[in-house]
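All letters in the sequence shown, in the order written, are residues 19 to 373 by the numbering used here. Even for Gly, the Cβ is constructed at its ideal location relative to N, Cα and C.
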Amino acid sequence: MKDDKIRDMNLKALAPMSDITPSNGHEPLVRVIDLKKHFPIRKGLIIRHTTGHVRAVDGINFEIARGETLGMVGESGCGKSTAGRTLLGLYPATGGETHIAGYHVQEATGDEWMAIRRQAQMIFQDPFSSLNPRWTVNAIIGEPLRVHRIIEDEAARTERVKELMALVGLDPRFINRFPHEFSGGQRQRVGIARALASEPIFLVCDEPISALDVSIQAQVINLLEDLQRQLGLTYLFIAHDLSMVRHICDRVAVMYLGIIVEMADKDDLYEKPQHPYTQALLSAVPVPDPKVARHRKRIVLEGDVPSPINPPSGCRFHTRCPIAQPHCATHVPEWREITPGHWVACHEVEPKFRP
Ligand code: SF4
19 MKDDKIRDMN
29 LKALAPMSDI
39 TPSNGHEPLV
49 RVIDLKKHFP
59 IRKGLIIRHT
69 TGHVRAVDGI
79 NFEIARGETL
89 GMVGESGCGK
99 STAGRTLLGL
109 YPATGGETHI
119 AGYHVQEATG
129 DEWMAIRRQA
139 QMIFQDPFSS
149 LNPRWTVNAI
159 IGEPLRVHRI
169 IEDEAARTER
179 VKELMALVGL
189 DPRFINRFPH
199 EFSGGQRQRV
209 GIARALASEP
219 IFLVCDEPIS
229 ALDVSIQAQV
239 INLLEDLQRQ
249 LGLTYLFIAH
259 DLSMVRHICD
269 RVAVMYLGII
279 VEMADKDDLY
289 EKPQHPYTQA
299 LLSAVPVPDP
309 KVARHRKRIV
319 LEGDVPSPIN
329 PPSGCRFHTR
339 CPIAQPHCAT
349 HVPEWREITP
359 GHWVACHEVE
369 PKFRP
């Protein structure tokens, strides 16, 4: 098949990437290499000119193995949602590249681009604004089947939509209803069914539960886990709820001001966080056991998050870091593996093994 040939050629073209945080030795499905997304700031009503750039994503590297879930966490505005959209090619990248199943996302056009669009999908944060309010669920879920010419016959397409509705726990009898006739959780299920319609292998889940009622959140997480088991899906799970990320993810990447500052297996990261920023984030996560909570020290970060238009020199975290040293303001910390699979960018964290 033509698609397979292109994919093989692309896989061969991939250079060795020793500077990428590996996906625990398994075959990577997704490779992100020095990916950047800068948004220009334009001024002037008649003659528009660029006065600077918001460096939303400023050089991130990672791999995701087939069937793996990588969590991406950080405060709002740290660039994690922009990273998800840019790596899928929904935003043109300012620099760097993404490879998904061997396809070079930023260079793909025509058939290759359509193959990427089919295989890599996104689940959005707000299910209401991401669904066309004038379309029925049949039209919404059926659209990828039509666009990708997966099922041309309308009656057969409707049958497939009903199957997809059942797969995500929606009653197929509601096929002719409109988005506003569903609850928030049901609307997110419609969004998931639409994402699954093109039979993707990789999903970027952009805060898929943060707009939902707490009582519904666990149901949607369980659904995503079941679908991953049934369909062998690979996820990038973007979130700010760190306890939910621990539940669903295999590894976690922590973002601060457009870069990744720490990445590790979830248990390693939650039990032995090394970067001062990760330590501060985790110290704010509620603990169910009151005895443990009483003895836990909360790390409160001083100051505001600096502007991504002009990020601090050296270590970007130095303006808020409780253990910052003078050289932190002038030297960018190296991205180092401190224990197998645990990567940190901090001058004060020394590797504990020889790779
Ligand atoms: Fe803090 Fe310096 Fe480490 Fe940055 S490099 S996190 S400022 S100690």
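Excluding five sequence neighbours on each side, which residues of the same chain lie with their C-beta closer than 8 Å to the C-beta of residue i?
i	result
Gln333	For the sequence presented, residue 333 should be read as Cys rather than Gln. Hits under 8 Å: Cys339, Ala342, Cys346, Ala347, His349, Val350, Pro351, Ala363, Cys364, His365.
Phe220	Leu47, Val48, Ile82, Ile118, Ala119, Gln137, Ala138, Gln139, Leu251, Thr252, Tyr253, Leu254
Ser36	Note that Ser36 scores a pLDDT of 40, beneath 50, so its modelled location is shaky; the value from the coordinates is reported in the next line. Taken in chain order, the list of residues that qualify is empty.
Leu367	According to the sequence as given, residue 367 is Val; it is not Leu. Excluding positions up to five away in sequence, the list reads Gln292, His293, Arg354, Ile356.
Val263	Gly89, Val91, Phe255, Ala257, Val270, Lys284
His166	Met132, Arg135, Arg136, Ser216
Met273	Ile78, Met90, Val91, Gly92, Cys96, Gly97, Lys98, Ala101, Val279
Leu245	Leu185, Val186, Ile210, Leu214, Leu251
Does DSSP put residue i in a helix, in a strand, or in coil?
i	result
Glu225	coil
Ile277	strand
Asp129	helix
Leu300	helix
Tyr109	coil
Glu366	coil
Gln139	strand
His313	helix
Asn156	helix
Val123	helix
Asp76	strand
Gly92	coil
Gly114	strand
Arg191	helix
Thr348	coil
His56	strand
Out of curiosity, what's the CA-to-CA distance linking residue i and residue j?
i	j	result
Leu242	Ser325	34 Å
Met132	Tyr121	11 Å
Ala138	His71	28 Å
Asp283	Arg175	41 Å
Ile65	Ile327	22 Å
Pro34	Pro329	Note on Pro34: pLDDT 35, under 50, position unreliable in the model; no value is reported.
Ile317	Ile193	49 Å
Gln248	Ile59	44 Å
His56	Tyr109	10 Å
Gly202	Pro306	27 Å
Asp268	Cys223	15 Å
Gln297	Gly62	43 Å
Pro190	Phe80	39 Å
Glu74	Val323	According to the sequence shown, residue 74 is Ala rather than Glu. Near 13 Å, if we compare the C-alpha coordinates of Val323 and Ala74.
Lys180	Pro162	14 Å
Gly359	Glu225	25 Å
Arg84	His67	44 Å
Val4	Glu177	Examination of residue 4 is not possible in this model, given that the chain is present from 19 through 373 alone.
Lys370	Val232	40 Å
Glu45	Asp286	21 Å
Arg454	Arg314	Because the chain is modelled from 19 through 373, residue 454 falls outside the range shown and cannot be assessed.
Pro344	Gln204	52 Å
Using a Cβ-Cβ cutoff of less than 7 Å, which residues in the same chain neighbour residue i once the five nearest sequence positions on both sides are dropped?
i	result
Gly209	Ile141, Phe142, Pro145, Ser148, Leu149
Met27	Unreliable placement is indicated for Met27, whose pLDDT of 38 sits below 50; no coordinate value is reported for it.
Tyr295	Val272, Tyr274, Val279, Phe335
Val124	A small fix is needed here, since residue 124 is Gln in this sequence, not Val. Answer for Gln124: Gly107, Ala111, Glu115, Thr116, listed in chain order.
So, residue i versus residue j, is the Cβ gap smaller than 9 Å?
i	j	result
Gly89	Ala257	yes
Gly107	Ile134	yes
Tyr288	Val270	yes
Gly114	Ile78	yes
Ala101	Leu53	yes
Leu260	Val91	yes
Leu188	Val155	yes
Leu230	Gln206	yes
Ile234	His265	no
Gly8	Gly97	Only positions 19 to 373 of the chain appear in this structure, which leaves residue 8 out of reach.
Arg212	Ile158	yes
Arg164	Phe196	no
Given a threshold of 16 other Cβ atoms within 10 Å of its Cβ, counted over all protein chains shown, does residue i qualify as buried or as exposed?
i	result
Lys20	With a pLDDT of 42 at Lys20, under the threshold of 50, the modelled position of that residue is not reliable, and the figure given next carries that caveat. Lys20 is exposed by the Cβ-count criterion.
Asp76	buried
Ser94	exposed
Leu218	Per the sequence presented here, residue 218 reads as Pro, with Leu not at that position. Buried, because 16 or more other Cβ atoms sit within 10 Å of the Cβ of Pro218.
Glu86	buried
Arg372	exposed
Lys290	exposed
Leu105	buried
His336	buried
Gly160	buried
Thr116	buried
Glu172	exposed
Arg312	exposed
Who are the near neighbours of residue i in its chain, counting only those whose CB is closer than 6 Å to its CB and skipping five residues on each side?
i	result
Glu199	none
Ile227	Gln235, Val238
Ser301	Arg316, Ile317
Thr112	Lys54, Lys55, His56
Leu319	Ala298, Arg338
Thr69	Ile59, Lys61
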